[in-house]
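Numbering that gives the first Met the number 0 puts the first residue of the sequence shown at 0, with every later residue one more than the last.
This report concerns only the one structure given below.
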Amino acid sequence: MTAHPRLSIGLPVYNGEEYLAESLDALLGQTYEDFELVISDNASTDGTEDICRKYAAQDARIRYLRLPRNVGATPNHNRVFAECRGELFKWASHDDLYARDLLRACVQALDERPDVILAHADQAVIDGDGQVKVPYEYTLATGSPHPPERFRSMLFEPGGDDFYGVIRADALRRVKPMDSYHHADRTFVAEIALHGRFHQVPELLYFRRDHPTRAERANPGKRSRCVNLDPRRAGPLHPTPRLLAEYVWGFASAIRRAPLSAADRRACYRHLAAWMTSRVRPGAGERVEDRAPVDPAKLTVSVDALVAGREGRRA
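This is the structure:
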């Protein structure tokens, strides 16, 4: 690692011992090597600390930080970004897997497109054993040169996991840090999209793991999910209606803060009004990803062949 790595990877974790080592192997085995990996342990009570210290002792690119108490997932995500030094940044999940060329492909996409502020690759959902369950097509118009078109697409179209893309750090610093209301990650990424175009690498390089202890599975209710994001949401001043209202207000505030022309700002507000109206229709409460189109050609992709540390697991 160079004294000032070009890319910083932030990995917030809490009680991630089951899949953490696999994710670390996948990240440390990347073909792009000019990065630091900053792990922020949210006061884990399982074997997470031992795993992190073991890997940090073996690879100088790792910086391991441990919080004295659990501050919630959102503050931990924001903290790990604040600790990073690279001109590029990526959040990484402790249970996901990454093909060897993911970082290289994303950094190259940004280098070749100076006006693009975020690059990611095609994704598939994998099971606990790392086998492909659902490979999604990316249909979002985040590459459009028109901010209202990007914003409308993120409101209405399914698919995408751009939160885990490689982002220009200076662009990330221009947006409001992620909040902890219902679907705050969606408003956060939408605000990033109002600042610049995204690029989707058309290769299956990112594998998002679905398992029973995943945060969304362990906290199925809107309120419990928000409390997991920030324990301060457990108080009586944060009822579910407020958490939903903050979700809508998050989009409106993103439009207000973004560097848009008057015409583009009006167009974004119109799209938001249309989206709010659409939410009263049947089926509006389903997860966006549940309606994302599936690419059946990628169902037979071998994760073991693409991800470092999984060689020889299956014939």
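For each residue, glycine too, the CB sits at the ideal point set by N, CA and C.
Under the DSSP assignment, K53 falls outside any beta strand (DSSP E), being part of the alpha helix (DSSP H) whose first and last residues are 47 to 57. CA-to-CA, the gap between R172 and H76 works out to about 14 Å. Under the three-state reduction of DSSP output, A140 falls in the coil class, being neither helix nor strand. Judged by their CB atoms, D95 and Y205 are nearer to each other than the 9 Å cut-off.
The continuous alpha helix (DSSP H) containing E190 extends over residues 183 to 194. Within 10 angstroms of the beta-carbon of D169 lie fewer than 16 other beta-carbons, which makes it exposed.
D294 and S43 have their C-alpha atoms spaced approximately 37 Å apart. Linking D263 to P146 through their CA atoms gives a straight-line distance of about 7 Å. Judged by their CB atoms, A55 and I38 are nearer to each other than the 9 Å cut-off. In terms of Cβ geometry, L6 and D33 form a close pair [threshold 9 Å]. When DSSP states are grouped into helix, strand and coil, G249 belongs to the helix group. At least 9 Å separates the beta-carbon of Q57 from that of T141. Between the stretch 190 to 199 and the stretch 114 to 122 there are three or more inter-stretch CB-CB distances shorter than 8 Å, so the stretches are counted as touching. With three or more CB-CB distances shorter than 8 Å, the stretch 222 to 235 counts as touching the stretch 63 to 71. Burial is judged here by how many other beta carbons sit within 10 angstroms of a residue's own beta carbon; S92 has at least 16 and is buried. The Cβ-Cβ distance between V247 and M275 falls below 9 Å. Counting along the chain, Y31 sits inside no alpha helix (DSSP H), nor does DSSP assign it H or E at all. Note on geometry: alpha-carbon atoms of Y13 and A261 lie some 43 Å from one another.
Taking K297 as the centre and dropping the five residues before and after it, the same chain places the C-beta of D121, A123, V131, P134, L203 closer than 8 Å to its C-beta, in chain order.
Look at D209 here: in three-state DSSP terms it is coil, with no helix or strand label.
If you look at L6, you'll find it in the beta strand (DSSP E) that goes 6 to 12. Taking P4 as the centre and dropping the five residues before and after it, the same chain places the C-beta of D33, F34, E35, G85 closer than 6 Å to its C-beta, in chain order.
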